[in-house]
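Asker:
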Amino acid sequence: MKKVILPLALLAGIVGTANAQTGIKYGVKGGYNLATFSGSDSQGSQYKSGFTAGLYANFGIADNFSVQPEVLFSQKGASIDNFQNLPTTRFKTTLSYIDVPVLLRVNAGQDGKGLFFELGPQASFLVRNRDFTQTGNASTQSTDNTNSADMNKTVLAYVGGIGYQITSGLSLGLRYTGDFTQVYKQGISANYAGQAYAGGNGNNPSVHNSVFQFQVGYAFGGK
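Here's what the structure looks like:
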């Protein structure tokens, strides 16, 4: 019983401190993703565009410190030129995730405005993937472009960022997300991944999502 009461009391204390010092804010955000793959089999990977959007809450724990959990829809993936050593062929994969970062935010400005920094872990849950090849000006979608059997459905990552709180509600941010977990499972590929990477040897590549995010957010509540 004590093991249950102590964490509940600690959580209540944190929330109470948040209300007493800087309040609780809820917000929405959206932005632009610039994504690619990193890792030992990422040679030839180029950046591709995507978007991110979602909700967040900000719990103040001190005048310049807060904890910010978020739930975001985020498009990731990569683009590869010269697919299968064909100079006019490009392979693209778009991976859609639900990202759940929990960030420690440090505010360098006064009254919650000005420069801020954020850092923390993130769990991502795959909801869809879409692969296609493009030859010249013609785009041909693969017959198995939504096959996710070879992919890790849950991915762990780290997040680091910097931003500026313009007003008590409006903010701009630049964030980097790097995955610890590989995009694909180890083993023989059942889709385009093994053909696109690792010399086309038929095995899933050892790659990780690597994403820069440019975000605009607006918060409600708090001071």
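As numbered in mature numbering (1 follows the signal peptide of the UniProt record, and there is no 0), residues -20 to -1, 1 to 203 make up the sequence shown, in order. Cβ coordinates follow ideal geometry from the N, Cα and C atoms, glycine included.
(1) Thinking C-alpha only, which one of Ala15, Arg85, Gly153, Leu35 is nearest Ser59?
(2) Give me the Cα-Cα distance between Phe160 and His188, rounded to the nearest whole angstrom.
(3) To which residues of the same chain is Asn38 closer than 6 Å at the C-beta, ignoring the five residues directly before and after it?
(4) Helix or strand or just coil, what does DSSP make of Gln1?
(5) With 16 other CB atoms within 10 Å as the buried threshold, where does Ser25 fall?
(6) So Gly57 packs on Gly30, CB below 8 Å; how close in whole Å?
(7) With 8 Å set as the bound, which would you pick, yes or no: does the beta-carbon of Gly57 sit closer than that to a beta-carbon of chain D?
(8) Have a look at Arg110 and Asn87 and give me their C-alpha separation to the nearest angstrom.
(9) Looking at the unbroken beta strand (DSSP E) that takes in Pro185, where does it start and where does it end?
(10) I need the DSSP call for Val163, collapsed to helix, strand or coil.
(11) Quick check on DSSP: helix, strand or coil for Asn44?
(12) Measure the beta-carbon distance from Lys51 to Tyr77 and round it to whole angstroms, keeping in mind my assumption that it falls under 8 Å.
(13) Is Gln193 buried or exposed, if buried means 16 or more other CB atoms sit within 10 Å of its CB?
Answerer: Taking the definition as stated:
(1) Here residue 59 is taken as the residue at index 79 of the sequence shown, counted from 1. Ranking the options by Cα distance to Ser59, first place goes to Ala15.
(2) Here residue 160 refers to the residue found at position 180 when the sequence shown is read from its first residue. Here residue 188 refers to the residue found at position 208 when the sequence shown is read from its first residue. Between Phe160 and His188, the C-alpha separation is close to 7 Å.
(3) Here residue 38 corresponds to residue number 58 of the sequence shown, with the count starting at 1. Apart from sequence neighbours up to five positions away, the residues of its chain that approach Asn38 with a beta-carbon distance below 6 Å are Lys5, Ser46, Gln48, ordered along the chain.
(4) By 1-based counting over the sequence shown, the position of residue 1 is 21. Residue placement at Gln1 is flagged as unreliable, the pLDDT there being 48, under the threshold of 50; a coordinate-derived value is accordingly withheld.
(5) By one-based count along the sequence shown, residue 25 stands at place 45. So Ser25 ends up on the buried side.
(6) As a first step, residue 57 must be located in the sequence shown, where it is residue number 77. As a first step, residue 30 must be located in the sequence shown, where it is residue number 50. Confirmed, about 7 Å.
(7) Absence of chain D from the displayed structure is noted, only one protein chain being present.
(8) Position 130 of the sequence shown, counted from the start, is the residue given in the question as residue 110. Position 107 of the sequence shown, counted from the start, is the residue given in the question as residue 87. Going by the C-alpha atoms only, they are around 38 Å apart.
(9) The count along the sequence shown starts at 1 and reaches residue 185 at position 205. No beta strand (DSSP E) holds Pro185; DSSP gives it neither H nor E.
(10) Counting from one through the sequence shown, the residue named residue 163 turns up at place 183. DSSP places Val163 in coil when its eight states are reduced to three.
(11) For this step, residue 44 is matched to residue 64 along the sequence shown. Secondary structure of Asn44 (DSSP, three-state): coil.
(12) For the purposes of this step, residue 51 is taken as the residue at position 71 of the sequence shown. For the purposes of this step, residue 77 is taken as the residue at position 97 of the sequence shown. Inspection of the sequence shows that residue 51 is occupied by Val rather than by Lys. That belief does not hold up - the Cβ atoms of Val51 and Tyr77 are roughly 11 Å apart, past 8 Å.
(13) By one-based count along the sequence shown, residue 193 stands at place 213. Its Cβ being crowded by 16 or more others within 10 Å, Gln193 is buried.
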